[in-house]
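A.B. asks: One structure, as structure tokens, below. Some questions next.
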Amino acid sequence: MIHVTKSYLPSLDRYIDKIKTIWENHWLTNHGPIVDKLELQLKRYLGTDKLLYTNNGTIVLQMALKALDIQGEVITTPFSYVATTNAILWEGCTPVFADIRKDDFNIDVNKIEACITPNTKAILATHVFGNPCDVKALEALSLRYKIPVIYDGAHAFGVQYEGKSLLTYGDISTCSFHATKVFHTIEGGCIIAKDDDVYKKLYLYRQFGHHGDDYYQVGVNAKSSEFHAAMGLCVMEDLEEIIAARKLANDTYNEYLDFSTIRKPHSSFDIQYNYAYYPIVFSSEEVLLAVKDALAAEQIFVRRYFYPSLNTLPFLKEPSSCPISEEISKKIICLPMSTYLTREEIQMICQIVNAVLQSHTSGQ
105 MIHVTKSYLP SLDRYIDKIK TIWENHWLTN HGPIVDKLEL QLKRYLGTDK LLYTNNGTIV
165 LQMALKALDI QGEVITTPFS YVATTNAILW EGCTPVFADI RKDDFNIDVN KIEACITPNT
225 KAILATHVFG NPCDVKALEA LSLRYKIPVI YDGAHAFGVQ YEGKSLLTYG DISTCSFHAT
285 KVFHTIEGGC IIAKDDDVYK KLYLYRQFGH HGDDYYQVGV NAKSSEFHAA MGLCVMEDLE
345 EIIAARKLAN DTYNEYLDFS TIRKPHSSFD IQYNYAYYPI VFSSEEVLLA VKDALAAEQI
405 FVRRYFYPSL NTLPFLKEPS SCPISEEISK KIICLPMSTY LTREEIQMIC QIVNAVLQSH
465 TSGQ
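Structure, rendered in structure tokens:
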């Protein structure tokens, strides 16, 4: 059985060695020494001193909106995981969807401007599949209209753009360290701020708004445990090998898939990539479903990232039209991608996909 992903697990002995101190000091959570060590390593790796390690990658989106005092309309992408839209709604804001680009599936900056109104308070964009949004154009737009930009960088850990982490762009950037990610802490995430005052506010948000016996503001529980941080320390030690293995899997797919009727998202920017996912777009939803069924028959399971287009969610008060996102969301799947995939397994996946594609091309 092959799932769409298989979470990376380091050596059990190394993990046990990391958590031995928990039994010695009985410090399980609440900013313990292992959490502090991981947070410091993350700051060094990502090249920022304004990072906070948290318990997941969704609460940080909510914290970002709260820290910037966003109340009103938030222009966002219809092509992302539902958490991006949910965070906006959860904070009592109104999502306004700008359609995506056909090449990399990121929000189209040229379509954002038409969505700006006097009630527009922020832009929340996603680096889809780890490919960067047009961060320079978004920054220029942000400065022109004095609207902050928040990036959902859930897929972007390990991606470098112009010599620095993609997660260091924007007024606030967030990331997920869920078990399915390239780098994970089982459950976890982080938030990175550009402004010192915003960083200090987020620091307090993470721990109920207080420091010791001094209470400053409203807050939530976004803290993580020593056990989660220990996993992060282990995974961090293996990160170079993890990304190299995923690159090898990516290259093998590129070698064996028939691209005559399918395509992949393509970034026009020069980046150091993390190979987080392997998405492909088919000519129609009919072909996608045929491929999905053929793979499932062999106990190979893919996922429809991202479906449906978020602007069509049934609980939205005012659904809007984003034709490019709606079209792509119906025709895209992510093939299995993990550190553990063998060349033979990828060849088998490609053979099944190619056979279905050939049968539909020939009209059989």
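Residue 167 in our numbering sits at position 63 of the sequence shown, with consecutive numbering throughout. The beta carbon of each residue, even a glycine, is placed where N, CA and C say it ideally should be. As the structure is a computational prediction, the values presented were derived from the model and not from experiment.
How many Å lie between A353 and L445 at the Cα?
C.D. replies: Each residue's Cα considered, the two are about 7 Å apart.
A.B. asks: Per DSSP, what kind of secondary structure is F233 in: helix, strand or coil?
C.D. replies: Note: F233 maps to helix in three-state DSSP.
A.B. asks: Under 7 Å Cβ to Cβ from N134, same chain only, skipping five residues before and after it: list those, please.
C.D. replies: Counting only Cβ-Cβ distances below 7 Å, and skipping sequence neighbours, we find K327.
A.B. asks: For G161, which option in K396, V286, Y411, G292 has the closest C-alpha, if you only look at C-alpha atoms?
C.D. replies: Nearest option by C-alpha distance: G292.
A.B. asks: Answer with buried or exposed for S280, where buried requires no fewer than 16 other C-beta atoms within 10 angstroms of its C-beta.
C.D. replies: Under this definition S280 is a buried residue.
A.B. asks: Give the straight-line distance between the Cα atoms of N378 and D317, rounded to the nearest whole angstrom.
C.D. replies: The straight-line gap from Cα to Cα measures roughly 42 Å.
A.B. asks: Which residue comes first and which comes last in the alpha helix (DSSP H) that contains C338?
C.D. replies: 330-341 is the span of the alpha helix (DSSP H), which, as asked, contains C338.
A.B. asks: Kindly provide the ranges of any alpha helix (DSSP H) runs that are 4 or more residues long and lie completely inside the segment 134-182, ordered along the chain.
C.D. replies: Listed in chain order, the complete alpha helix (DSSP H) runs (minimum 4 residues) inside the segment 134-182 are 137-150, 163-171.
A.B. asks: Count the other CB atoms, across all protein chains shown, that sit within 10 Å of the CB of M105; report buried if there are 16 or more and exposed otherwise.
C.D. replies: The residue in question, M105, is exposed, as its Cβ has fewer than 16 Cβ neighbours within 10 Å.
A.B. asks: Taking only three categories from DSSP, how would you classify Y381?
C.D. replies: The answer is coil: DSSP assigns Y381 none of H, G, I, E or B.
A.B. asks: I'd like the ranges of any beta strand (DSSP E) spanning at least 3 consecutive residues and lying wholly in the segment 218-306.
C.D. replies: Counting only runs of 3 or more, we get 224-230, 253-256, 276-280, 293-297.
A.B. asks: Determine which residues share a DSSP beta bridge with N325 and list them.
C.D. replies: Paired residues: Q311.
A.B. asks: Would you say the segment 137-146 touches the segment 320-338, given that touching needs at least three Cβ pairs under 8 Å?
C.D. replies: The answer is yes - the segment 320-338 touches the segment 137-146, with three or more Cβ pairs under 8 Å.
A.B. asks: What residues in its chain sit with their C-beta under 7 Å from that of P252, if we drop five residues either side in the sequence?
C.D. replies: The answer, listed in chain order, is L172, A226, S246, D275.
A.B. asks: Inspect the beta-carbon positions of V239 and G262 and report whether they are closer than 7 Å.
C.D. replies: Taking 7 Å as the Cβ cut-off, V239 and G262 do not qualify as a contacting pair.
A.B. asks: What does a CB cutoff of less than 8 Å around H315 pick up in its chain, not counting 5 residues either side in sequence?
C.D. replies: Taken in chain order, the residues that qualify are L308.
A.B. asks: How many angstroms separate the CA atom of T221 from the CA atom of E359?
C.D. replies: So the alpha carbons of these two residues sit roughly 47 Å apart.
A.B. asks: Considering only C-alpha positions, which residue in the set I295, I428, T289, K154 is nearest to F410?
C.D. replies: When each option's Cα is compared against that of F410, the closest is I428.
A.B. asks: Cβ atoms of W194 and Q166: under 7 Å apart, would you say?
C.D. replies: Cβ distance < 7 Å, so Q166 and W194 count as in contact.
A.B. asks: Write down the C-beta distance between S334 and K122 rounded to the nearest angstrom, noting that I regard them as a contact closer than 8 Å.
C.D. replies: According to the sequence shown, residue 334 is Ala rather than Ser. Right, the Cβ-Cβ distance comes to about 4 Å (below 8 Å), so this counts as a contact.
A.B. asks: Which class does D203 belong to by DSSP, given the choice of helix, strand or coil?
C.D. replies: In the structure shown, D203 sits in coil (DSSP, three-state: anything other than H, G, I, E or B).
A.B. asks: How would you label D203, buried or exposed, when you count the other beta carbons within 10 angstroms and need 16 or more for buried?
C.D. replies: So D203 ends up on the buried side.
A.B. asks: Grab the span of the alpha helix (DSSP H) containing I126 for me, first residue to last.
C.D. replies: Residues 116-129.
A.B. asks: Mind reading off the beta-carbon distance from V108 to C438? Whole number of angstroms is fine, and I expect it under 8 Å.
C.D. replies: With a Cβ gap of about 6 Å, V108 and C438 count as contacting.
A.B. asks: Would you kindly check if the distance between the Cβ of N210 and the Cβ of V178 is under 7 Å?
C.D. replies: No; because the gap between Cβ atoms is not below 7 Å, this pair is not in contact.
A.B. asks: Let me make sure I understand the geometry here. Which of R407, L399, E431 has the alpha-carbon closest to that of S413?
C.D. replies: If we check each option's Cα against that of S413, E431 comes out closest.
A.B. asks: Run through the DSSP bridge pairs and tell me what C454 is partnered with.
C.D. replies: BP columns for C454 are empty, so no partner.
A.B. asks: What do you get for N159, buried or exposed, if any count of 16 or more other CB atoms within 10 angstroms of its CB means buried?
C.D. replies: When all chains shown are included, N159 counts as buried.
A.B. asks: Please say whether S424 and F183 have beta carbons closer to each other than 7 Å?
C.D. replies: Their beta carbons are not under 7 Å apart, which means F183 does not touch S424 by this criterion.
A.B. asks: Are the C-beta atoms of K304 and some chain B residue less than 7 Å apart?
C.D. replies: Any reference to chain B falls outside this structure, which holds one protein chain only.
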